[in-house]
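In the numbering used here, the protein residues as written are 104 to 285.
See structure below.
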Ligand SMILES: [Zn+2]
């Protein structure tokens, strides 16, 4: 496995709509290796999610996981999950605003509105169908990662930039609860 270099905001790969992965390619060794490397890279940078464009691969693959965070044990948990070709449908118009960060926009945080409940349709890493309803923090991480696959980042979703904060200033002036970076 390998730790991959993370693309930062400004790299065009982050602004491209990623290519869907054909079903028959999911179980190929090179796709599986890529997924393993994405998981390792997410762990290395202590992210709660990572999308393939963030490691310079324009394909519709994302990994997410939120196990007990050493600094913030109260954070909700998300078991390790691999999604390919995800489609999200909001279950209502209801949104919630909370802090987000992104490994591709290092050392910043901003308050970002997200739908509180979404339906996910995707493939898993064995090519199995995934269909589930996600709420709150899980729904937020899914929207953040799926946005990456559509060339969007969280700052595009902010209502304004009044809360956009460098991490050090955020720690001093805003910090209530770190929700991690995806
Ligand atoms: Zn991100």
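No residue lacks a Cβ here, since even glycine has one placed at the ideal position from N, Cα and C.
Going by Cα to Cα distance, which pick from the options is closest to residue i?
i, options, result
"residue 225", "116, 119, 109, 129", "129"
"residue 203", "197, 212, 171", "212"
"residue 107", "170, 114, 125, 153", "153"
"residue 245", "169, 124, 160, 161", "169"
"residue 123", "162, 135, 148", "162"
"residue 262", "231, 151, 200, 254", "200"
"residue 209", "126, 148, 132, 259", "148"
Along the chain, where does the alpha helix (DSSP H) containing residue i start, and where does it finish?
i, result
"residue 257", "257 to 260"
"residue 168", "That residue, residue 168, is in no alpha helix (DSSP H); its beta strand (DSSP E) goes 164 to 169."
"residue 104", "Run containing residue 104: none; DSSP gives neither H nor E here."
"residue 132", "132 to 147"
"residue 264", "Note, residue 264: premise wrong, no alpha helix (DSSP H); not H, not E."
"residue 242", "239 to 252"
Which word fits residue i, buried or exposed, when buried means at least 16 other C-beta atoms lie within 10 angstroms of its C-beta?
i, result
"residue 247", "buried"
"residue 271", "exposed"
"residue 117", "buried"
"residue 190", "exposed"
"residue 156", "buried"
"residue 250", "buried"
"residue 241", "buried"
"residue 252", "buried"
"residue 232", "exposed"
Helix, strand or coil: which one does DSSP assign to residue i?
i, result
"residue 214", "strand"
"residue 229", "coil"
"residue 201", "strand"
"residue 120", "coil"
"residue 161", "coil"
"residue 128", "helix"
"residue 268", "strand"
"residue 275", "helix"
From what residue to what residue does the beta strand (DSSP E) around residue i run?
i, result
"residue 184", "181 to 193"
"residue 153", "152 to 154"
What is the C-beta distance between residue i and residue j, in whole angstroms, given that I count them as a contact (C-beta under 8 Å)?
i, j, result
"residue 236", "residue 194", "7 Å"
"residue 164", "residue 183", "With 8 Å as the limit, residue 164 and residue 183 do not qualify as a contact, their Cβ atoms being about 14 Å apart."
"residue 179", "residue 198", "Incorrect: roughly 18 Å between the Cβ atoms, too far for contact."
"residue 110", "residue 140", "Between residue 140 and residue 110 the Cβ distance is about 14 Å, and since that is not below 8 Å, they are no contact."
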